[in-house]
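Just so we're aligned, residue 19 is where the sequence shown starts under my numbering, counting upward by one.
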Amino acid sequence: MFGPEAPYERGGDVNDVVFPCGQVIEPDGDTIRLYYGAGDSCIALATGSIRGLLTWLDANSSLNDVLSLHP
19 MFGPEAPYER GGDVNDVVFP CGQVIEPDGD TIRLYYGAGD SCIALATGSI RGLLTWLDAN
79 SSLNDVLSLH P
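The following block contains the structure:
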């Protein structure tokens, strides 16, 4: 759902990791802006739709996936 893809996100002190730092939900109630550390060298911004994220989660997760996270 959210992970390193771009070259500037894939290299650094810790390779292939992005670090979510904070988020803002816009006044439309659907747009989310996620600020994150990328490659230990910069701060980046990802923008998405909350409705779109929930739809993706609904289609790509199951109750068994959720239960395995909480033994």
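Just so it is clear, CB atoms sit at the ideal spot from N, CA and C, and this is done for glycine as well.
Item, Value
"Simplified DSSP assignment, three categories, for Ala24", "coil"
"As assigned by DSSP and simplified to three states, the class of Gly47", "coil"
"DSSP state of Gly57 mapped onto helix, strand, coil", "coil"
"CB-CB length for Gly30 against Gly57, believed under 8 angstroms", "4 angstroms"
"Element boundaries [alpha helix (DSSP H), containing Gly70]", "68 to 78"
"For Gly40, the three-state DSSP class (helix, strand or coil)", "strand"
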